[in-house]
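Colleague: Could you have a look at this structure, given as structure tokens, before my questions?
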Amino acid sequence: MNEINVSPSEWEVMRVIWATNPITSKEVSEILKEKKGWKLSTTKTLIGRLVKKGMITSEAKGRKYEYSPIVSQEERIRDMIEEFLNQVCATKIGEIIKIMLENYELSLSDIEELEKILQAKKIAAPEEVVCDCIPGQCDCMIQ
454 MNEINVSPSE
464 WEVMRVIWAT
474 NPITSKEVSE
484 ILKEKKGWKL
494 STTKTLIGRL
504 VKKGMITSEA
514 KGRKYEYSPI
524 VSQEERIRDM
534 IEEFLNQVCA
544 TKIGEIIKIM
554 LENYELSLSD
564 IEELEKILQA
574 KKIAAPEEVV
584 CDCIPGQCDC
594 MIQ
């Protein structure tokens with residue numbers, strides 16, 4: 454697991470770099486200027502932070518630098534989900550997934566894939582998920 458703290462602003466920059474790479478800071482700035490109203494200097498600052506954090510690489514191309522992701526978007530999303538769920542009682546994970554399903558739009562193909570996953574998990578699912586917290590971390594009734 455890659456525990457790199459990425460701010461919401463850095464995440465916006467990463468989305469552009471994941472979608473279009475290699476890409477220059479000026480190109481990133483042009484894409485985000487309309488949505489965020491950022492100046493080029495703001496974008497360059499965020500890109501510099503991402504380079505330092507090891508999220509992107511920079512390569513000199515004449516007088517410009519081109520940036521490419523080191524970490525894939527899918528890998529970063531998995532890491533973020535794992536980081537979050539490791540901070541939650543195991544008994545609450547089903548509730549979190551229900552909240553996500555209720556509050557976010559899914560395509561028909563997403564729903565069909567989720568149904569397959571749930572059917573496969575149902576075969577080996579326990580009657581009840583066991584709390585994995587240390588005493589005092591949650592409100593489960595541990596015997």
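Per the working numbering, the very first residue in the sequence shown carries number 454; after that it's consecutive.
Ideal Cβ positions, reconstructed from N, Cα and C, are used throughout, including at glycine.
None of these values were measured; they are calculated from a predicted model.
(1) Take Val481 and list the residues in its own chain whose beta-carbon comes closer than 8 Å to its own, dropping the five residues that flank it on each side.
(2) If we count the other Cβ atoms within 10 Å of its Cβ and call it buried at 16 or more, is Pro600 buried or exposed?
(3) Just verifying my parser: in three-state terms, what is the DSSP assignment at Thr473?
(4) Indicate whether Leu493 and Lys479 have their beta-carbon atoms separated by less than 8 Å.
(5) Mind pulling the alpha helix (DSSP H) runs of 4 or more residues that sit fully within the region 466 to 540?
(6) Excluding the five sequence neighbours on either side, which residues of its own chain have a C-beta within less than 7 Å of the C-beta of Thr544, listed in chain order?
(7) Measuring alpha carbon to alpha carbon, tell me which of Leu571, Glu512, Met553 ends up nearest Ile476.
(8) Just reading off the alpha helix (DSSP H) that Asp563 is part of, what are its end residues?
(9) So Ile522 and Asn474 are in contact, right, with Cβ under 8 Å, and what is the actual spacing, rounded?
(10) Could you check whether Leu554 and Ile546 sit closer than 8 Å to each other, using their CB atoms as the reference points?
(11) Tell me whether the beta-carbon of Arg420 lies closer than 8 Å to the beta-carbon of Glu463.
Modeller: Let me spell this out:
(1) Val466, Val469, Ile470, Thr496, Ile500, Tyr520
(2) As shown, the chain starts at 454 and ends at 596. That puts residue 600 outside it, with no answer to give.
(3) coil
(4) In contact: Leu493 and Lys479 (Cβ atoms closer than 8 Å).
(5) 478 to 489, 493 to 505, 526 to 538
(6) Closer than 7 Å at Cβ, skipping near neighbours: Val582, Cys584, Cys593.
(7) Glu512
(8) Annotation: the continuous alpha helix (DSSP H) that includes Asp563 extends over 561 to 577.
(9) Here residue 522 is Pro; the residue named in the question, Ile, does not match the sequence. Contact holds; Cβ gap of about 6 Å.
(10) no
(11) Past the edges of the chain, shown from 454 to 596, lies residue 420, and the structure says nothing about it.
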